[in-house]
Each structure stands twice: as C-alpha cells, then as structure tokens.
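Below you'll find the structure, written out as structure tokens, and then a few comments.
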Amino acid sequence: MTNYHPPQTHNMQGKIVIICGPTASGKSQYALDLAINAGNGVIINADSMQVYRFLPILTAQATAQQQANCPHKLYSIINPDEHFSVARWLELAKKEIEQALTNNQTPIIVGGTGMYISSLINGLAQVPAVPLSIVDSLTTQTTNLSQIELHQLLMQCDPAAAAKIKVGDRQRALRAIAVYKATGQALTAWQTQTTPYYPRTQLYIIGILPDRELVYRNCNSRFLEMLATGAIEEVRWLTQHYPHQSYPKVLGLNEICQYLDGFLTWGNMIAQAQQYTRNYAKRQYTWFRNQITFYDMIVTN
C-alpha cells in the first residue's frame, strides 16, 4: 500500500480539511495520521458505501483499532436496505463539522464519492420536488417507449442531461424529464444554481492522487486482503439476513454473491471484482483531476 507523510497541521487550525481521491489510494490512513498529528482531529466519512452497516471489510472501513485512535463519524450508520442520498449525507456531515468546530477540533472529511465532496465544496442545488401526479403521468406515457425513444424525449427537454445520461438509464432520464415538466427548467440548469456553505478560505483540500498503476496494484492486493480477512463471511451473512434485496453498489459484492450462488468460480470472482475496482478507480481519478478546480495540496507519493 501507499505510505505518505502527512503535512504539518499548523496551517489547518480552524479549517475544514477535505481529503479526496480514488479508491485504494491511501486516503484513510493519510486522514488517520493527520488526525493524530493534529491531536484534535475528527474523521468524517465521505464514502457512499462506508455509510452502510454489516460490510466493514468489503467497504474498507477503518478497523476498531484505528477508530480507537480518534473519533470517526458517519461510518456504518444505515442498514443495507435503506436509501441514502447526497442531500442526507450533506446534512449529517455539516452537523458533524459544526460540532467539531464548536469543540475546537479539526474536522477531516475523507472519501472518494465525488458528489459528496462536490456538495460540500460547492453547495447542493435546490431542485424543486416534482409532484407525484407528474411522475405517475410521465411513467404511464413512457412505458411503451424504447430506450432510444426515451432518450430522444430527454434530448428535447434537457440536451445537457441527454449528453451525460446513458441510453437505457430510464431512472435518470425520467427524473430529468420530470423536473423539466414540473418546472419548465432543465435539471442541469437547476444543478448549476448552488451556493457554497463555507467560504473557500475555510477549506483545506488535499488530493491523494498517486501514480495510477500503483492505485491499480493496490486495488488488486486490497481485494485479496479483504477475502483473507472475512469478506466472504460478511456477504454470506448479508444474503441470509437481507435476502432478495437490491444491495448497495459495493465493489466486489455482486461478484461474491455470484460466487456464493455458484455462478462464478473462485478465480473468476476475484478477477472480475479486481477489474471492476480498477475501472472505478480510473473513473474516480479522472473525476478528481477534472472536477476539483483547486487543491491546497496534491499528494502523489
């Protein structure tokens, strides 16, 4: 794994520290070291999969020993069958940040979920709620539309959304169309209307962006370590206690489920999970390079 030397913390007093980057880049250990060096750090989760209970190994949550070194917030807070939105995360994260600042502690937000990080830096668009009558009517009207026809309808309502939403993603397409029908304004236009919650000068943003090949190797080795430390048992317990559920999109979860059901061999399960994890890391790397316009510090080695 990657080893870093966290920076001096004197220039972070009174700041909200944000540590972001791709999976398996070493963010969590960096955050822990930084929190310990600061002496008053509080680590706040910004990973959309680490909010779920019962999968601490597969979601790479901090161990009990690591969490004993400093407070960790927003880890394992909801059940696998619960919905959890960006807005809900932001609400909880802001509460933890304010509590830390009130207690003269340093809030350290760490994670790789781009929408969480973006919402904290830029604010979250206040898209009006769509009346259920419009949702029901639109669902009925589009039931017999093909994927291409639905995408063409989306193009008419919101060309910018059509450029981002893949053909076949009915849920996102219908959401964008419904917003346009309800408000007369494109969803993408609403999404640009954000107001930051904190002044940029109060944020200290650290990008953990090591060499990609190193991250890919870490993805491979970390999944093997997860298997060796109980990931299979975690998933088996999950499927027994939450059968027939639509599970969170935890990396490796689907592949382990297929292995347990006899649809994948041990070797194929590992190869597919590692490949999907590397693909995800690649997308994250691109996102954090392109979407975060300014870092106070970039850590590469």
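Take 1333 as the starting number for the sequence shown in my numbering and just add one per residue.
Backbone N, C-alpha and C define an ideal beta-carbon position, used for all residues, glycine too.
Please read all numbers here as calculations on a predicted model, not as lab measurements.
Using C-beta distances below 8 Å, list every residue in its chain close to residue i, excluding the 5 sequence neighbours before and after it, in chain order.
i	result
Trp-1569	Phe-1386
Asn-1401	Leu-1364, Ala-1367, Ile-1368
Trp-1598	Tyr-1591
So that I know if they touch, is there some Cβ in chain C lying closer than 7 Å to that of residue i?
i	result
Ile-1429	As a matter of chain content, chain C is missing from the structure shown, which is built from one protein chain.
Tell me which residue opens and which closes the beta strand (DSSP E) that residue i is part of.
i	result
Met-1638	The structure shown does not extend to residue 1638, since the chain spans only 1333 to 1633, so no value can be given for it.
Tyr-1536	1535-1540
Val-1374	1373-1377
Thr-1438	1438-1443
Cys-1352	1348-1352
Suppose you measure from the CA of residue i to the CA of residue j; what does that come to, to the nearest Å?
i	j	result
Pro-1575	Gly-1371	43 Å
Thr-1391	Ser-1478	36 Å
Gln-1431	Cys-1352	21 Å
Thr-1396	Pro-1388	The sequence shown places Ala at residue 1396, rather than the Thr named in the question. Each residue's Cα considered, the two are about 10 Å apart.
Gln-1473	Ser-1450	34 Å
Arg-1610	Cys-1551	6 Å
Gly-1584	Thr-1571	14 Å
Asn-1343	Val-1631	16 Å
Ile-1602	Gln-1616	21 Å
Met-1558	Thr-1625	34 Å
Ile-1642	Leu-1485	Residue 1642 lies beyond the range of the chain shown here (1333 to 1633); nothing can be said about it.
Pro-1403	Val-1499	43 Å
Ile-1588	Gln-1399	27 Å
Asp-1413	Pro-1580	8 Å
Tyr-1530	Ala-1367	21 Å
Thr-1438	Asn-1633	24 Å
Pro-1528	Glu-1481	37 Å
Asn-1369	Thr-1341	7 Å
Ile-1466	Lys-1496	23 Å
Tyr-1627	Thr-1533	12 Å
Gln-1577	Tyr-1591	17 Å
Ile-1348	Met-1629	14 Å
Asp-1593	Tyr-1608	19 Å
Ile-1350	Thr-1471	40 Å
Val-1374	Ser-1408	16 Å
Gln-1604	Leu-1433	43 Å
Asp-1468	Ala-1560	47 Å
Output needed for residue i: all residues of its chain with C-beta closer than 6 Å, excluding positions within five of it in sequence on either side, in chain order.
i	result
Arg-1554	Ala-1356
Glu-1421	For clarity, residue 1421 is Trp in the given sequence; the question names Glu instead. Within the same chain, Trp-1421 has close Cβ partners Tyr-1448.
Thr-1515	Pro-1460
Thr-1526	Asn-1454, Gly-1455, Ala-1457
So, for residue i: in the same chain, excluding its five sequence neighbours on each side, which residues have a beta-carbon less than 7 Å away from its beta-carbon?
i	result
Leu-1406	Ile-1376, Asn-1377, Val-1383, Leu-1424, Ala-1425, Glu-1428
Gln-1606	Cys-1551, Asn-1552, Phe-1555
Tyr-1612	Thr-1355, Leu-1583
Ile-1564	Ile-1588
Please name the residue in the options whose C-alpha comes closest to that of residue i.
i	options	result
Gln-1393	Val-1374, Asp-1365, Gln-1361, Asn-1411	Gln-1361
Pro-1491	Gln-1517, Thr-1471, Arg-1615, Ile-1466	Gln-1517
Arg-1549	His-1415, Lys-1347, Gly-1358	Gly-1358
Met-1381	Leu-1366, Ile-1368, Gln-1534, Phe-1416	Phe-1416
Asn-1435	Gly-1346, Cys-1589, Asp-1543, Ile-1453	Gly-1346
Val-1418	Asn-1600, Gly-1599, Asp-1379	Asp-1379
Lys-1513	Leu-1464, Leu-1546, Arg-1544, Glu-1545	Leu-1464
Leu-1546	Asn-1476, Phe-1595, Lys-1614, Gln-1488	Lys-1614
Val-1462	Val-1511, Asp-1501, Val-1567, Arg-1502	Val-1511
Taking the continuous alpha helix (DSSP H) assigned at residue i, which residues delimit it?
i	result
Cys-1402	Segment: none, Cys-1402 is in no alpha helix (DSSP H) and carries neither H nor E.
Gln-1607	1598-1622
Asn-1552	1544-1560
Ala-1425	1418-1434
Asp-1501	Here Asp-1501 belongs to no alpha helix (DSSP H), and DSSP marks it neither H nor E.
Thr-1471	1464-1474
Three CB pairs or more closer than 8 Å across the stretch 1520-1529 and the stretch 1455-1468: yes
Touch test, the stretch 1437-1449 against the stretch 1617-1627, Cβ-Cβ under 8 Å, three pairs minimum: yes
At least 3 beta-carbon pairs within less than 8 Å: the stretch 1506-1516 vs the stretch 1529-1541: no
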